[in-house]
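What follows is a set of notes on a single structure, which appears directly below.
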Amino acid sequence: MDILYQIRARQDSFSAGEGRIARLMLDDVGFAASASLEDLAQRAEVSTATLSRFARTVGCRDLRDLRLQLAQASGVGSRFLDPAGTPEQSAFYGQIVGDIETTLRQHLAGFDESRFADAVKMLGQARMIHAFGLGGCSTLCSDELQVRLVRLGYPIAVCHDAVMMRVTAASLNAEQVLIVCSLTGITPELLETVELARNYGARILAITRADSPLAQLADIVLPLQGAETSFIYKPTAARYGMLLAIDVLATELALANPEDNQERLRRIKLALDEYRGGDDHLPLGD
Numbered sequence: 001m002d003i004l005y006q007i008r009a010r011q012d013s014f015s016a017g018e019g020r021i022a023r024l025m026l027d028d029v030g031f032a033a034s035a036s037l038e039d040l041a042q043r044a045e046v047s048t049a050t051l052s053r054f055a056r057t058v059g060c061r062d063l064r065d066l067r068l069q070l071a072q073a074s075g076v077g078s079r080f081l082d083p084a085g086t087p088e089q090s091a092f093y094g095q096i097v098g099d100i101e102t103t104l105r106q107h108l109a110g111f112d113e114s115r116f117a118d119a120v121k122m123l124g125q126a127r128m129i130h131a132f133g134l135g136g137c138s139t140l141c142s143d144e145l146q147v148r149l150v151r152l153g154y155p156i157a158v159c160h161d162a163v164m165m166r167v168t169a170a171s172l173n174a175e176q177v178l179i180v181c182s183l184t185g186i187t188p189e190l191l192e193t194v195e196l197a198r199n200y201g202a203r204i205l206a207i208t209r210a211d212s213p214l215a216q217l218a219d220i221v222l223p224l225q226g227a228e229t230s231f232i233y234k235p236t237a238a239r240y241g242m243l244l245a246i247d248v249l250a251t252e253l254a255l256a257n258p259e260d261n262q263e264r265l266r267r268i269k270l271a272l273d274e275y276r277g278g279d280d281h282l283p284l285g286d
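FYI, in full-length UniProt numbering the residues of the sequence shown are 1 to 286.
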């Protein structure tokens with residue numbers, strides 16, 4: 001149950017005493033979750049019996065259940081319970097750019113060239129590459145991997161469906177590499193799939209947080225950093241770190257065999273020019 005939603009949704013139907021309890025809990029979830037029943041009743045200026053009625057009104061079995069729901073709600077993080085004020089438009093434009101620049105610098109400083117070299121070697125030995133990603137950024141970045149690698153001649157397939165990922169993982173072997181994209185590294189479906197792929201000998205390249213459960217399952221990790229700001233309304237800047245890792249990896253792969261890749265890219269450019277026209281410096285199929 002989302003207790004905060006249940007309280008907000010019923011605000012117009014509460015009695016005067018229940019309304020005071022609701023406002024107290026919405027204004028200070030942490031206090032409501034940790035305070036004694038006596039302190040709650042005193043602060044809201046109600047009786048314990050009114051607290052009990054309130055608990056049942058919002059869908060809880062009893063006061064104990066209400067306190068459990070409040071404790072779970074308070075654990076979501078203060079920046080989502082009491083977010084910073086919304087800045088002026090020009091201010092948040094600058095903040096978005098600033099956060100992107102900061103995360104790019106942080107990720108670049110944390111990249112280890114030897115990890116990318118090991119990844120290039122692993123992918124070069126693979127008979128087939130599979131890229132998995134679930135969620136917003138991770139899904140897009142796994143697609144981005146396919147766009148980057150296919151033009152360099154690497155056999156790669158992408159999957160975002162949890163069932164199909166499991167099917168694919170069960171078909172892998174030691175000649176294949178699985179690239180897994182995850183900003184958090186804790187998505188259950190991904191972890192289960194990676195464990196399954198490892199059981200059949202597949203090698204794992206993870207683009208994720210270095211301290212995550214996913215990283216612990218990988219043979220090679222290209223580490224991400226996921227620090228978030230208190231401004232919750234904009235998309236996470238950490239996804240630019242994932243894109244940077246992919247750009248660095250793709251460039252390393254291209255430079256590992258520059259003459260062959262130059263010829264592949266020339267052929268792609270020729271095919272696109274015949275199809276769409278345009279000047280010489282248009283993106284190569286993007």
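Note that CB positions come from ideal geometry on N, CA and C, so glycine has one too.
Nothing here was measured: the structure is a model prediction, and the numbers come from that model.
Would you give the residue range spanned by the alpha helix (DSSP H) that residue i belongs to?
i: residue 218; result: From DSSP, residue 218 is part of no alpha helix (DSSP H); its letter is neither H nor E.
i: residue 76; result: First-last for residue 76: undefined, no H or E at that position.
i: residue 137; result: 136-150
i: residue 232; result: No alpha helix (DSSP H) contains residue 232, which DSSP labels as neither H nor E.
i: residue 226; result: Note, residue 226: premise wrong, no alpha helix (DSSP H); not H, not E.
i: residue 246; result: 238-256
i: residue 193; result: 188-199
i: residue 14; result: Segment: none, residue 14 is in no alpha helix (DSSP H) and carries neither H nor E.
i: residue 166; result: 162-170
i: residue 54; result: 48-57
i: residue 39; result: 37-44
Taking 8 Å as the threshold (C-beta atoms), are residue j and residue i in contact?
i: residue 245; j: residue 207; result: yes
i: residue 219; j: residue 203; result: yes
i: residue 46; j: residue 23; result: no
i: residue 55; j: residue 65; result: yes
i: residue 355; j: residue 194; result: Since the displayed the chain opens at 1 and closes at 286, residue 355 lies outside it and no answer follows.
i: residue 302; j: residue 149; result: Lying before the first or after the last residue shown, residue 302 is absent from the chain, which here runs from 1 to 286.
i: residue 239; j: residue 159; result: no
Give the range of the beta strand (DSSP E) segment to which residue i is assigned.
i: residue 180; result: 176-181
i: residue 1; result: Element bounds for residue 1: n/a, residue is neither H nor E.
i: residue 158; result: 156-159
Name the DSSP beta bridge partners of residue i, please?
i: residue 205; result: 179 and 220
i: residue 133; result: 181
i: residue 25; result: Answer by DSSP bridge pairing: none, since residue 25 is not bridged.
i: residue 128; result: 176
Does the beta-carbon of residue i have 16 or more other beta-carbons within 10 angstroms, so that it is buried, or is it exposed?
i: residue 165; result: buried
i: residue 277; result: exposed
i: residue 167; result: exposed
i: residue 58; result: buried
i: residue 11; result: exposed
Would you check whether the ligand FMN has a heavy atom nearer than 7 Å to the C-beta of residue i?
i: residue 172; result: The model depicted lacks the ligand FMN and carries no ligand whatsoever.
Touching by the beta-carbon criterion (3+ pairs, under 8 Å), the region 102-113 and the region 219-238
Below 8 Å, enough C-beta pairs join the region 102-113 and the region 219-238 to call them touching: three or more.
Segment contact flag, the region 270-277 with the region 129-139, C-beta cutoff 8 Å, min 3 pairs
no
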